Amino acid sequence: MKILKEPAARATLAFVIVAVALIVALWPRGGPDDTAGGGGTTAATSTSGVTDQQVSEDELSKERAAAALQPCPDGTGPAGPHSVLAGVTVPCMATGAPVDLGVTTAGKPLVINMWAVWCLPCRRELPIFDQFSKDAGESLNVLAVHASQGGDKPYFVLKFLQEVGVHLPVVTDPNGAVAKAIGAPRVFPSTVLIRSDGTVADVLPRVFDSEAQLAEVVREKLGVDVGGAQ
734 MKILKEPAAR ATLAFVIVAV ALIVALWPRG GPDDTAGGGG TTAATSTSGV
784 TDQQVSEDEL SKERAAAALQ PCPDGTGPAG PHSVLAGVTV PCMATGAPVD
834 LGVTTAGKPL VINMWAVWCL PCRRELPIFD QFSKDAGESL NVLAVHASQG
884 GDKPYFVLKF LQEVGVHLPV VTDPNGAVAK AIGAPRVFPS TVLIRSDGTV
934 ADVLPRVFDS EAQLAEVVRE KLGVDVGGAQ
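Residues in the sequence shown are numbered from 734 upward in steps of one, following our numbering.
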């Protein structure tokens with residue numbers, strides 16, 4: 734019987750080892766922002782093994798120039814007494830400089846698109862917001878805000894924007910300050926509409942399939958009619 738027990742014990746041990754290995758391999762490692770709406774993904778953001786720690790400021794400047802992003806809102810405020818963005822400062826991807834969103838977006842309606850490089854629906858939706866931003870002109874501000882997960886990696890964000898071919902104003906939210914201030918859900922993409930007084934008009938955890946859909950919601954919730962939206 735001893736001869737039979739030893740192989741059985743070895744087989745049991747091998748099974749346990751394989752089971753533990755599978756659990757470790759499949760256990761999720763993402764942060765709290767890893768929920769993506771509409772079939773999104775949490776794929777890692779890597780470009781040929783390059784990390785932001787290896788990218789110099791000169792290289793980042795070249796990527797910013799290549800991305801050719803529109804400047805971030807540059808209003809002079811002041812932020813309204815009820816503005817949810819008062820005191821929220823984040824990096825502008827066009828320049829790398831910090832911007833106080835409460836001040837720079839004051840006095841105009843604001844459309845915020847919460848997105849991430851690892852969100853597959855965001856890749857489809859960002860061009861819609863890009864065109865909407867162009868058509869909106871000076872009537873309102875449109876701002877793409879990258880999620881905190883990956884928001885501290887500007888090199889990858891810039892590369893992604895170049896690949897998708899969008900140029901609307903973009904900021905990153907590395908500490909989650911924007912998401913917290915506007916009450917954005919951990920669903921990507923999501924759209925948050927802000928009134929000209931800085932208060933939240935609506936939070937929309939959904940994917941827009943056309944510029945016309947977005948324009949209709951903006952007209953209804955913010956009272957701004959963006960002409961030319963298709």
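Backbone N, C-alpha and C fix where the C-beta goes; we use that ideal spot for every residue, glycine too.
All of these numbers come straight from a predicted model, not from anything done at the bench.
**Item:** Per-residue burial, Asp863 [other beta carbons within 10 Å of its own, 16 or more giving buried]
**Value:** Taking the first residue of the sequence shown as position 1, residue 863 is located at position 130. Buried, since its Cβ has 16 or more Cβ neighbours within 10 Å.
**Where the alpha helix (DSSP H) containing Pro831 begins and where it ends** = Position 98 of the sequence shown, counting from 1, holds the residue named residue 831. Here Pro831 belongs to no alpha helix (DSSP H); instead the beta strand (DSSP E) covers Pro831 to Asp833.
**Prompt:** By Cβ distance, which residues of its chain are closer than 7 Å to Val899, with the 5 residues on each side in sequence left out?
**Reply:** Looking up residue 899 in the sequence shown gives position 166. If you ignore the 5 residues before and after Val899, its C-beta comes within less than 7 Å of the C-beta of Leu859, Pro860 and Asp863, all in its own chain and listed in chain order.
**Prompt:** Roughly how far, in whole angstroms, is the beta-carbon of Glu827 from the beta-carbon of Arg797, given that I think they are within contact range, below 8 Å?
**Reply:** Locating residue 827 in the sequence shown gives position 94, where the first residue counts as 1. Locating residue 797 in the sequence shown gives position 64, where the first residue counts as 1. It is Ala, not Glu, that sits at residue 827 in the sequence shown. Indeed, because the Cβ distance is near 6 Å, the residues count as touching under 8 Å.
**Request:** Report yes if the C-beta distance between Pro922 and Pro854 is below 8 Å; otherwise report no.
**Result:** For the purposes of this step, residue 922 is identified with residue 189 of the sequence shown, where counting begins at 1. For the purposes of this step, residue 854 is identified with residue 121 of the sequence shown, where counting begins at 1. Less than 8 Å separates the beta-carbon of Pro922 from that of Pro854.
**Prompt:** Who pairs with Asn874 in a beta bridge, going by DSSP?
**Reply:** The residue given as residue 874 occupies position 141 in the sequence shown. Its beta-bridge partners are Leu843.
**Prompt:** Would a C-beta distance cut-off of 8 Å place Val933 and Val817 closer than the cut-off?
**Reply:** The residue labelled residue 933 in the question sits at position 200 within the sequence shown. The residue labelled residue 817 in the question sits at position 84 within the sequence shown. Yes, these two residues count as a Cβ contact at 8 Å.
**Prompt:** Given that a residue counts as buried once 16 or more other Cβ atoms are within 10 Å of its Cβ, and exposed if not, what is Ser866?
**Reply:** Position 133 of the sequence shown, counting from 1, holds the residue named residue 866. Buried, since its Cβ has 16 or more Cβ neighbours within 10 Å.
**Request:** Find the nearest neighbour of Asn908 within the set Ala800, Gly884 and Glu871, judged by alpha-carbon distance.
**Result:** Counting from 1 along the sequence shown, the entry for residue 908 is found at position 175. It is Gly884.
**Item:** Minimum length 4: unbroken alpha helix (DSSP H) runs contained in the stretch 884-915
**Value:** 887-897 and 910-915
**C-alpha gap between Glu871 and Ala839, whole angstroms** = Within the sequence shown, the letter at position 138 stands for residue 871. Within the sequence shown, the letter at position 106 stands for residue 839. Each residue's Cα considered, the two are about 13 Å apart.
**Buried versus exposed, by CB contacts within 10 Å (16 or more), Glu896** = Indexing the sequence shown from 1 puts residue 896 at position 163. With a threshold of 16 other beta carbon atoms within 10 Å, Glu896 falls short and is exposed.
**Prompt:** At which residue ranges does the stretch 912-942 contain complete beta strand (DSSP E) runs of 3 or more residues, listed in the order of the chain?
**Reply:** 923-927 and 933-937
**Request:** Name the two residues that bound the continuous alpha helix (DSSP H) containing Val950.
**Result:** Translated into the one-based positions of the sequence shown, residue 950 becomes position 217. Glu944 to Leu955 is the extent of the alpha helix (DSSP H) around Val950.
**Request:** Using three-state DSSP, classify Pro860 as helix, strand or coil.
**Result:** Numbered from 1 along the sequence shown, position 127 holds the residue referred to as residue 860. Here Pro860 sits in helix by DSSP.
**Request:** Find out if the Cβ-Cβ distance for the pair Leu926, Val844 is shorter than 8 Å.
**Result:** Indexing the sequence shown from 1 puts residue 926 at position 193. Indexing the sequence shown from 1 puts residue 844 at position 111. Between Leu926 and Val844, the C-beta gap is smaller than 8 Å, which places the two residues in contact.
**Prompt:** Going by DSSP, which residues form a beta bridge with Cys825?
**Reply:** As a position in the sequence shown, residue 825 is number 92, starting the count at 1. Per DSSP, Val904.
**Request:** Taking Ala798 as part of the alpha helix (DSSP H), name the residues at either end of that continuous run.
**Result:** In the sequence shown, the residue the question calls residue 798 occupies position 65. Counting along the chain, the unbroken alpha helix (DSSP H) around Ala798 starts and ends at Glu790 to Ala800.
**Prompt:** Can you tell me the Cα-Cα spacing of Ala801 and Glu953, whole angstroms?
**Reply:** Taking the sequence shown and counting its residues from 1, the one referred to as residue 801 is at position 68. Taking the sequence shown and counting its residues from 1, the one referred to as residue 953 is at position 220. Cα to Cα, Ala801 sits roughly 32 Å from Glu953.
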